[in-house]
Amino acid sequence: MRDFLDTLAHSARETIQGGYYNVAGATVASFKISLQKAILEAMHTPVIAEIKPASPSVGVIRKSVDVRSIVQGIEQGGAVGISVLTEPKHFNGALSSLAEARKASRLPILMKDIILSPLQLEAAAKLGADAVLLIEALFERGYCECTVEDMIARAHALGLEVLLEAHTEAEFRSAAKTLADLVGINNRDLATLKVDLNTTKEILQRNHAEGKIVVSESGITTPAD
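Take 4 as the starting number for the sequence shown in this note's numbering and just add one per residue.
If you want it as structure tokens, here you go:
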């Protein structure tokens, strides 16, 4: 039975085949800013702030997206990095938002999308991303064009760091053993869209991160969280 993660994957495949990620006339930026380093050197609890116009769980968040203004607020708020949604169908993201964010900020930028193909990595690198989000479950379900190890290697070859996302303990253990630069724990189950903030805590209580930085994702809205 298909769940929402399957829906996202099928939609992403259609978007790739439609040519959305064929970024013409752009070259891979030679200078990259390390998200990993920014987190390690943070003088406070490191936060990666997000530019997200919409989400499947809540609908439209922003009808119009003034990227420059949002980036300015993120920088003033002390975030160590910026996550930019580029998935167009379910999150109303845009590759142009990634390019605009790169022009407006010197913070490390994470391209957040449903990545199945190395073509998407090339688009990320050309438009100025410093890191990309990969989802462990998409590799395990066979949706990606190559193995997780190969996708990570291809990202690194383009100068991109990798945040490899997990939701279950098994996914986390697998992700921690890879060469990903950071491992994420998504508090939202992408199969059902339900959020449980205890997910990160419970996984880390029973598993080792193998020395990697762990990023807790989703459902975090207040300093108390």
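Ideal placement from N, C-alpha and C gives every residue a C-beta, glycine not left out.
Here's the rule: buried if 16 or more other CB atoms are within 10 angstroms of the residue's CB, otherwise exposed. What is residue i?
i, result
"residue 180", "exposed"
"residue 60", "exposed"
"residue 94", "buried"
"residue 34", "exposed"
"residue 4", "exposed"
"residue 114", "buried"
"residue 22", "exposed"
"residue 221", "buried"
"residue 123", "buried"
"residue 154", "buried"
"residue 18", "buried"
"residue 86", "buried"
"residue 120", "buried"
Measure the alpha-carbon distance for residue i versus residue j and round it to whole angstroms.
i, j, result
"residue 197", "residue 205", "16 angstroms"
"residue 76", "residue 84", "12 angstroms"
"residue 117", "residue 43", "26 angstroms"
"residue 14", "residue 50", "29 angstroms"
"residue 79", "residue 219", "22 angstroms"
"residue 142", "residue 26", "24 angstroms"
"residue 199", "residue 40", "28 angstroms"
In the DSSP assignment, the alpha helix (DSSP H) including residue i goes from what residue to what residue?
i, result
"residue 177", "172-179"
"residue 216", "Run containing residue 216: none in the alpha helix (DSSP H); it sits in the beta strand (DSSP E), 216-220."
"residue 193", "Residue 193 -> no alpha helix (DSSP H), and no H or E assigned at all."
"residue 182", "Unbroken run through residue 182: none, as it is neither H nor E."
"residue 201", "201-209"
Between which two residues does the beta strand (DSSP E) harbouring residue i extend?
i, result
"residue 51", "51-54"
Problem - Segments of 4+ residues assigned as alpha helix (DSSP H) that fall wholly inside the region 79-166 - result: 98-107, 121-129, 139-143, 151-160
Handout entry: the region 13-31 / the region 58-76 touching (three or more Cβ pairs under 8 angstroms)
Key = Flag = no, the region 13-31 and the region 58-76 do not touch.
Problem - Stretch pair the region 100-116 + the region 125-145: three plus CB contacts closer than 8 angstroms - result: yes
Exercise for the section: Decide yes or no for the touch test of the region 160-171 against the region 187-194: beta carbon pairs closer than 8 angstroms, at least 3 of them. Expected result: The region 187-194 and the region 160-171 touch, with three or more beta-carbon pairs separated by less than 8 angstroms.
Practice task
Jot down the residue ranges of each uninterrupted alpha helix (DSSP H) in the region 10-81, minimum 4 residues, whole runs only, in chain order.
Solution key: Segments of the alpha helix (DSSP H) lying fully in the region 10-81: 38-43, 70-79.
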